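So in the numbering used here, the last spot in the sequence shown is 612, and the numbers never skip.
So the structure is just underneath, and the comments pick up after that.
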Amino acid sequence: MSKVPREKKEATLGISLIPVLVIMVALAYAIIVMGADPHIPILIGAAVGALIAVYNLGFTWEEVEKGIIDSIGSVMQAILILAVIGMLIGTWIGGGIVPTLIYYGLQILSPTFFLITALLLCSVVSLATGSSWTTAGTVGVALIGIAQGLGISPALAAGCIVSGAYFGDKMSPLSDTTNLAPAMAGATLFDHIRHMMYTTGLSYGIAAIIYILLGLQYRGKAIDAAEIQGILTAIESIYVINPLFLLVPVVTIAAVAMKIPAIPGLLLGVLLGGVCMLFQGSGDPASIVDAIHYGVGASSGHEMVDELLSGGGMDSMMWTISLIMCALTFGGVLESTGMMATIANKLLQFAKNTGSLILVTVLSCLFVNVLCADQYLGIALPGKMFKDVYAERGLAPRNLSRALEDSGTVTSALVPWNTCGATMASFLGVGTFAYAPFAFFNILSPIVSVIYGYTGFSIMTIEEDPTSPQFKQKMKVKKSPKELAEYIANYEAKAKLAE
Numbered sequence: 114m115s116k117v118p119r120e121k122k123e124a125t126l127g128i129s130l131i132p133v134l135v136i137m138v139a140l141a142y143a144i145i146v147m148g149a150d151p152h153i154p155i156l157i158g159a160a161v162g163a164l165i166a167v168y169n170l171g172f173t174w175e176e177v178e179k180g181i182i183d184s185i186g187s188v189m190q191a192i193l194i195l196a197v198i199g200m201l202i203g204t205w206i207g208g209g210i211v212p213t214l215i216y217y218g219l220q221i222l223s224p225t226f227f228l229i230t231a232l233l234l235c236s237v238v239s240l241a242t243g244s245s246w247t248t249a250g251t252v253g254v255a256l257i258g259i260a261q262g263l264g265i266s267p268a269l270a271a272g273c274i275v276s277g278a279y280f281g282d283k284m285s286p287l288s289d290t291t292n293l294a295p296a297m298a299g300a301t302l303f304d305h306i307r308h309m310m311y312t313t314g315l316s317y318g319i320a321a322i323i324y325i326l327l328g329l330q331y332r333g334k335a336i337d338a339a340e341i342q343g344i345l346t347a348i349e350s351i352y353v354i355n356p357l358f359l360l361v362p363v364v365t366i367a368a369v370a371m372k373i374p375a376i377p378g379l380l381l382g383v384l385l386g387g388v389c390m391l392f393q394g395s396g397d398p399a400s401i402v403d404a405i406h407y408g409v410g411a412s413s414g415h416e417m418v419d420e421l422l423s424g425g426g427m428d429s430m431m432w433t434i435s436l437i438m439c440a441l442t443f444g445g446v447l448e449s450t451g452m453m454a455t456i457a458n459k460l461l462q463f464a465k466n467t468g469s470l471i472l473v474t475v476l477s478c479l480f481v482n483v484l485c486a487d488q489y490l491g492i493a494l495p496g497k498m499f500k501d502v503y504a505e506r507g508l509a510p511r512n513l514s515r516a517l518e519d520s521g522t523v524t525s526a527l528v529p530w531n532t533c534g535a536t537m538a539s540f541l542g543v544g545t546f547a548y549a550p551f552a553f554f555n556i557l558s559p560i561v562s563v564i565y566g567y568t569g570f571s572i573m574t575i576e577e578d579p580t581s582p583q584f585k586q587k588m589k590v591k592k593s594p595k596e597l598a599e600y601i602a603n604y605e606a607k608a609k610l611a612e
């Protein structure tokens, strides 16, 4: 006897907000009052959403479960990358690579110029690799160690590292989010990147100036030479330091930049780290396996050095991976049952003009990053929901794709339970709420995007977009068919050259 399909009801705004309110209250109570981790409160919110879906909206448990599995499955590659970077950090510490970076960095960098140098270095690496995670998990780990040795706040240093890492994640043609945003909006990749230069350039410039000014507070501040020497001596006491070890991050980053897939490229870094461990005192196969799985523990007798050079390993990422899975469980429930779409569609009622439309887009991306805990969903869901609205209002698709990246990509690192916020905190050893106020590029990008929306600066209409039929129709009136063909061919040639 076949089952009779259950009649589904559309989620109202009131119903959709119930799991949102539950998770907000549960998180606030657990984190602020109990000092607990966010995992269980998030699952409580997911459970409430699932109960509403089954007993009020007419969904079966199988449908809700499929939504959860699809949500987690959509970021399985990212979860695997997270585990591999944990392995990489373990072998890079155990192999003396991170200690070597810290050792030389403490002797080269000065406190005054550390922040701007860290910003530029992370920006270059992330542009080359297209990955904020690779950047933070490699050079970012070393920079945090150098910052602590120079007496710079780890939270300030982490915010600077995150800013540089997400600059490249946002602008590199190798980045998955940089490709996802124009795909969702209907824009081309390099038109999207060129359009982002307006908002990204201003945001990055202001952030750089702030980091330079903050660095000036360390000008004239005497470095405790005895403390620095103590750190160097402690590092030398437990690790062989050799400049040749610096080739490992260069080769690893170059491999990813040369479009070798992320997981094989990072596994190459793990392998090279394991080889370097053979040159250390405890470099035997058993210790290499332990470093890959459980990380390493330093015992130099220097408290700061032992803290800096202990960690890594696949096991160290399980807390973050479990948090991501809990958050995506909640996001999967809300997305698959239509509750997320209901909330987002309600926001559209406030989009009366171009400025408010971009504001709603930016807020929706942030909203999804908070509730669904994943930057891919933070780009994909608003992109799907607002694509037709932008077209109806005569706005070129690149306006939407830029707004998606200006918010969806960069704000993901500011949410502690988001895949990106949790990952940055794990790599850098600094809580998301601690570094977020200093991640100036990530904070400024959505603000600048909204300001441009209200002022109309760099906002392109469909009729101004050379790739649109409307533009071609408009140009027919002003140019002969031959002139129009030459104009389009010249535009396409420039785009190809840019690629």
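All C-beta atoms, glycine included, are put in the ideal place defined by N, C-alpha and C.
Source: prediction; values computed, not measured.
query = Thinking C-beta only, is GLY569 closer than 7 Å to GLY203?
reply = 7 Å or more divides the Cβ of GLY203 from the Cβ of GLY569.
request  = Would you list the one or two residues that DSSP bridges to GLY424?
outcome  = Answer is VAL409, bridged to GLY424.
ask   = Using 8 Å as the threshold, is the stretch 234-250 in touch with the stretch 413-424, meaning 3 or more CB pairs across them?
value = Judged by Cβ distances under 8 Å, the stretch 234-250 makes no contact with the stretch 413-424, as fewer than three pairs qualify.
inquiry  = Between the alpha carbons of VAL590 and ALA509, how many angstroms are there, rounded?
reply    = Confidence in VAL590 is poor, its pLDDT being 49 and thus under 50, which makes the residue's placement unreliable; the coordinate value appears in the next sentence. VAL590 and ALA509: Cα-Cα distance of roughly 20 Å.
request  = Take the Cβ of TRP619 as the centre, count every other Cβ of all protein chains shown within 10 Å, and call the residue buried at 16 or more, exposed below.
outcome  = Given that the chain is displayed from residue 114 to residue 612, the structure contains no residue 619 and the question cannot be resolved.
message = Just verifying my parser: in three-state terms, what is the DSSP assignment at LEU508?
response = In this structure, LEU508 counts as strand in the three-state DSSP scheme.
message = Between ILE492 and GLY566, how many whole angstroms is the CB-CB distance? I'm expecting something under 8 Å.
response = Rounded, the Cβ-Cβ distance is 18 Å, inconsistent with contact.
ask   = So, VAL278 versus SER316, is the Cβ gap smaller than 7 Å?
value = Here residue 278 is Ala; the residue named in the question, Val, does not match the sequence. Their beta carbons are not under 7 Å apart, which means ALA278 does not touch SER316 by this criterion.
key: THR291, enclosing alpha helix (DSSP H) - first and last residue   = Per DSSP, THR291 belongs to the alpha helix (DSSP H) from 289-298.
ask   = Would you report the Cα separation of THR474 and VAL483, rounded to the nearest angstrom?
value = One C-alpha to the other measures close to 14 Å.
request  = Mind reading off the beta-carbon distance from GLY521 to ILE575? Whole number of angstroms is fine, and I expect it under 8 Å.
outcome  = Not confirmed; about 22 Å, so no contact.
ask   = Are the beta-carbon atoms of SER571 and TYR311 separated by less than 7 Å?
value = Contact check for SER571 against TYR311 passes: the beta carbons are separated by less than 7 Å.
ask   = Tell me which same chain residues have a C-beta within less than 7 Å of the C-beta of VAL133, skipping the five on either side of it?
value = Setting aside the 5 residues that flank it on each side, VAL133 is surrounded in the same chain by LEU484, each with a C-beta closer than 7 Å to its C-beta; the list follows chain order.
inquiry  = Whole angstroms are fine: how far does the CA of TYR331 sit from the CA of TYR489?
reply    = If I take the Cα positions, the gap works out to 38 Å.
query = Where do the ends of the alpha helix (DSSP H) carrying LEU256 lie?
reply = Note, LEU256: alpha helix (DSSP H), 254-262.
task = Going by CA-CA distance only, name the one from GLN220, SER435 and THR225 that's closest to ILE341.
result = The option with the nearest alpha carbon to ILE341 is GLN220.
Heavy atom of the ligand ZN within 6 Å of VAL402 beta-carbon = As for the ligand ZN, it is missing from this structure, which has no ligand bound.
inquiry  = Just verifying my parser: in three-state terms, what is the DSSP assignment at THR248?
reply    = Helix, per DSSP.
ask   = In three-state terms, what does DSSP make of THR532?
value = Here THR532 sits in helix by DSSP.
query = Out of curiosity, what's the CA-to-CA distance linking PRO267 and LYS121?
reply = About 51 Å.
ask   = Under three-state DSSP, which class holds THR574?
value = Looking at THR574 - three-state DSSP - the assignment turns out to be strand.
request  = Would you check if there are 3 or more beta carbon pairs closer than 8 Å linking the stretch 533-544 to the stretch 512-520?
outcome  = Taking 8 Å as the limit for Cβ pairs, the verdict is that the stretch 512-520 does not touch the stretch 533-544.
query = How about the stretch 397-416 and the stretch 427-437: do they share at least three Cβ pairs that are nearer than 8 Å?
reply = The stretch 397-416 is in contact with the stretch 427-437.
query = With contact counted as at least three CB pairs below 8 Å, one residue from each stretch, are the stretch 206-215 and the stretch 438-450 in contact?
reply = Proximity of the stretch 206-215 to the stretch 438-450 falls short of the contact definition, fewer than three beta-carbon pairs being nearer than 8 Å.
key: Straight-line gap, GLY262 to MET284 (C-alpha atoms, nearest Å)   = When the Cα atoms are used, GLY262 and MET284 turn out to be separated by approximately 31 Å.
inquiry  = On the criterion of 16 or more Cβ atoms from any shown chain inside 10 Å, does PHE463 qualify as buried, or is it exposed?
reply    = The residue is exposed, with fewer than 16 neighbouring Cβ atoms inside 10 Å.
task = Quick one: using the 10 Å Cβ neighbour count with 16 as the cut-off for buried, is ASP487 buried or exposed?
result = Label assigned to ASP487: buried.
task = Assuming LEU170 contacts THR455 (C-beta within less than 8 Å), just tell me the rounded distance between them.
result = Not quite, the Cβ-Cβ distance comes to about 11 Å (not below 8 Å), so this is no contact.
key: C-alpha gap between ALA339 and ILE153, whole angstroms   = C-alpha separation (whole angstroms): 46 Å.
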